[in-house]
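Beneath this line is the structure, given in structure tokens, with notes to follow.
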Amino acid sequence: MRRTGNAAGAMPNTSDNPGGSRARQAEAKRYRVAAEAALDQLDWCIAYLHRIRKSPIATAVARNQSEIRRRLK
Numbered sequence: 029m030r031r032t033g034n035a036a037g038a039m040p041n042t043s044d045n046p047g048g049s050r051a052r053q054a055e056a057k058r059y060r061v062a063a064e065a066a067l068d069q070l071d072w073c074i075a076y077l078h079r080i081r082k083s084p085i086a087t088a089v090a091r092n093q094s095e096i097r098r099r100l101k
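In terms of our numbering, the sequence shown has 31 at position 3, counting the first letter as 1, and numbering is strictly consecutive.
Shown next, in the form of structure tokens:
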């Protein structure tokens with residue numbers, strides 16, 4: 029079996045494709061929007077954990093959420 033230089037699911041080399049940069053930027057934006065939506069859903073989870081008196085877990089999740097948001101900026 030002959031393999032190309034790209035791993036399964038990897039982006040192909042687009043150095044000879046001028047539209048490739050725009051495609052990568054669009055894909056990165058989609059991933060960022062999805063990540064931010066998931067982080068927003070964590071707000072509900074954190075509040076729920078507080079309501080059911082699992083505050084230490086809620087605090088840990090909130091810290092992780094904050095760190096991920098910081099890294100996304």
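Beta carbons: idealized from backbone N, C-alpha and C, even for Gly.
Counting of Cβ neighbours within 10 angstroms places Ile-74 among the buried residues, the total reaching 16 or more. For Lys-57, the three-state secondary structure derived from DSSP is helix. In the three-state reduction of the DSSP assignment, Ile-80 falls in the coil class, being assigned neither a helical nor a strand state.
Cβ neighbours of Ile-85 within its own chain (closer than 6 Å, five residues either side excluded): Leu-77.
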